[in-house]
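Per my numbering, the very first residue in the sequence shown carries number 1054; after that it's consecutive.
For glycine and all other residues, C-beta sits at the position ideal for the given N, C-alpha and C.
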Amino acid sequence: MTGSAGSNGRPLPWLPIFWGVLVLAQITSCGPELWHNPWSIIQDDGRHFVAWLRQMSDPALFPDDPIATYFLALTPELFKALHLPAVWLGIDVGAWNLLVVSPLSIALFLAAANTFAARMQLAGPERHALVLLLLAAVYSDVTSGLPRGFGPTIILGLLGLFMARRRIALGIAMAAGANIYPIAALVGGGAIGFNAVLRSMSVRRIDRNDAILVLIAAAAGIVGLSPFLASTDGAGATFTLAEARNIPIFGPGGRTSFFRDSWVDMLLCSSQRSGLLPTCAGGPGWPPLVLTAAVFIMGALLLRRRDVPRDVGTALISLVLSGLVLTALAYVFAFKGHLPGRYSRLSLEQVYAFSWVFAVTSGVVWAARRRGLAERRLFSGLVVVLLAAALVGTRPSAEFIRDPAPLISAALRSQPPETVVVGFSRYVDSVPALTGRKVFASLELTVPYKKPYYYRIEQKMADMGALYRGPVSSGWRALLDRSGIDFFILDSEASARARQWYVSFPVLKGSREQSVFVSNPDAVRSCTFEAQGSLKMISASCFADRALE
């Protein structure tokens, strides 16, 4: 990789330097905590995909846990395989994810983005600045260390390999991508197909090499998707769009807020779940639509004005078409194939980011030529600014979940692996990740697309509501015994989130405010096993005995 010249006249390897800075920032941000206690921190959605992988090194964890079984079934096999070296080396899987898998994801993105940008025939400094700005645009995903973190890499890698006509590499990349983040492989595969169609339409004939590449990508995608589809099919049937419409958890204010009061808002402005637009900061309506269209048009005009090879523009158009078609298909046929908004996020948002990033680098080129300055120096300055921003901006990551109650977590880890915890607190959402112990039910861990899992959690929520409302009686004690709950977590600051619980599961409404713990304060005091801050860890059996006295 080339870059701006250093003091010895040799080009500076900006991309490896930038990768090193990001890794250093990551290590200094969470490394000391992980060294002291690998259970103390985890990436936010790592609670879905990473926490359960500790079972690979300690099979005693999460025994007969339907939540662990569900999420392990939804975790792609290649993503699991990336954590096997941690098992072999005796390193905690959570620490390995943050300190090895996340840096690997960053490195692969930089390589894929640089290869794609090289097709634009830009000078080295501008290409590197463009790559780094692209990373900034997708930073939270790429640095997550999760399956979705590999999504932008898979997209750019597949398009770059298709344009370079590298058959074997394309097949390997598609098979691997489909088995680490299937949605990205579908979007990338669709873009390859549309790319071939658009190219054949432009020359009015079918290109043999394009056809072969499309067939290779399709075959490799099927091979890569097969293990994931077999695993997820084992988790049961998926809700259809019509069925989900009648379930509160999918409605406004629910845990998975998919449906909105306004169809415009739902279809356009909710790119996390249901919509198309990369940005809707101004709310639903014409302003965000006009802004998005303006950015896309600007990108298209710049590609033409800068004499970028035509196949790059064709690839970006193909990516948009792929995202639009897959989003529509997800609405019609496969509601959990995944959330429709995931397809637009990996297509329209990528092109949107590319458009404004290319506008920035083109602006630097224009300013340099207008002022008679050396473009290399301006881009070097831009890269240095990005390096500094990386050092500062990556330290406090909102995506990290840090243990808010290490004393309670330590107390839970001292209990047997089959220990079950329940509570309305956000802390309970992280109990499996921070302690390796099971939760009876959790709002965060209710990802409700598979029917058997959702209905099982719904029943648990009904039992939870009955236990909280009481009154304590012999029947209440029997329900507690059947539930297997060992500890209640009480949180005096949990009221802010109670509404989302009630909206998602109406059967819980009022159970927290009118709970048996409010009416039995002496039993709560007597049975507090550990306490820290706003949290109390209450022994369930002790509480039942005291409240029945």
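- Taking a contact to require three or more Cβ pairs closer than 8 Å, the segment 1364-1373 and the segment 1227-1237 do not qualify as touching.
- Relative to Ala1126, the option among Val1103, Leu1266 and Phe1162 whose CA is nearest is Val1103.
- Its chain contains Asn1262 and Leu1266 as the residues whose beta carbon lies nearer than 8 Å to that of Arg1218, once the 5 sequence neighbours on both sides are disregarded; these appear in chain order.
- For Ala1519, the enclosing alpha helix (DSSP H) stretches over residues Lys1504 to Arg1522.
- The continuous stretches of beta strand (DSSP E) do not include Ile1370, which lies in the alpha helix (DSSP H) extending over residues Arg1363 to Val1385.
- One Cα belongs to Thr1206, the other to Ala1190, and the distance between them is close to 13 Å.
- Counting of Cβ neighbours within 10 angstroms places Leu1142 among the exposed residues, the total staying below 16.
- Here the segment 1245-1253 does not lie against the segment 1132-1148, with fewer than 3 beta-carbon pairs under 8 Å apart.
- Our two residues, Gly1416 and Pro1156, have alpha carbons roughly 30 Å apart in a direct line.
- For Pro1305 and Trp1554, the gap between their C-alpha atoms comes out near 12 Å.
- The alpha-carbon separation between Asp1516 and Met1109 amounts to approximately 31 Å.
- Between Phe1541 and Ile1591, the C-beta gap is smaller than 8 Å, which places the two residues in contact.
- Leu1588 is bridged by DSSP to Asp1544 and Gln1585.
- Ile1221 and Thr1472 have their alpha carbons spaced roughly 49 Å apart.
- Remark: C-beta atoms of Asn1167 and Leu1075 do not approach each other more closely than 8 Å.
- Rounded to whole angstroms, Leu1077 and Ala1160 show a C-alpha spacing of 13 Å.
- A residue is called buried when at least 16 other Cβ atoms come within 10 angstroms of its Cβ; Pro1129 meets this threshold and is buried.
- By the CB criterion at 8 Å, Phe1303 and Ala1297 fall inside the cutoff.
- Distances from the CA of Ile1236 to each of Leu1321, Gly1376 and Glu1086 were compared; the closest alpha carbon is that of Gly1376.
- A contact is defined here as three or more CB-CB pairs under 8 Å, and the segment 1286-1294 fails this definition with respect to the segment 1249-1258.
- Around the beta-carbon of Ile1120, 16 or more other beta-carbon atoms lie within 10 Å, marking it buried.
- Every alpha helix (DSSP H) of 4 residues or more that sits fully in the segment 1167-1235 is shown, in chain order, as 1177-1190, 1192-1195, 1204-1216 and 1220-1231.
- Beyond the five residues adjoining it in sequence on each side, Arg1326 comes within less than 6 Å, by CB distance, of Phe1311, Leu1392 and Gly1394 in the same chain, given in chain order.
- The bridge partners DSSP lists for Val1417 come to none.
- With fewer than three CB-CB distances shorter than 8 Å, the segment 1495-1504 does not count as touching the segment 1563-1579.
- By the CB criterion at 8 Å, Leu1183 and Ala1171 fall outside the cutoff.
- Apart from sequence neighbours up to five positions away, the residues of its chain that approach Ile1454 with a beta-carbon distance below 6 Å are Ile1095, Asp1097 and Ser1483, ordered along the chain.
- Where Phe1453 is concerned, the enclosing beta strand (DSSP E) starts and stops at Phe1453 to Arg1455.
- For the pair Leu1212 and Ala1226, the CB atoms are not nearer than the 8 Å cut-off.
- Sorting Arg1308, Tyr1234 and Val1317 by C-alpha distance to the C-alpha of Pro1280 places Tyr1234 at the top.
- Each residue's CA atom was taken as its position, placing Arg1530 and Ser1594 some 9 Å apart.
- Counting only runs of 4+ residues, the alpha helix (DSSP H) found wholly inside the segment 1254-1337 occupies 1261-1286, 1294-1298 and 1316-1321, in chain order.
- In the structure shown, Ile1095 adopts extended strand secondary structure according to DSSP, grouped into three states.
- Taking a 10 Å sphere around the C-beta of Asn1299, we find fewer than 16 other C-beta atoms and assign the residue as exposed.
- Val1074: member of the alpha helix (DSSP H) spanning Trp1067 to His1089, first to last residue.
- Residue state for Val1475 is assigned as strand, using DSSP reduced to three classes.
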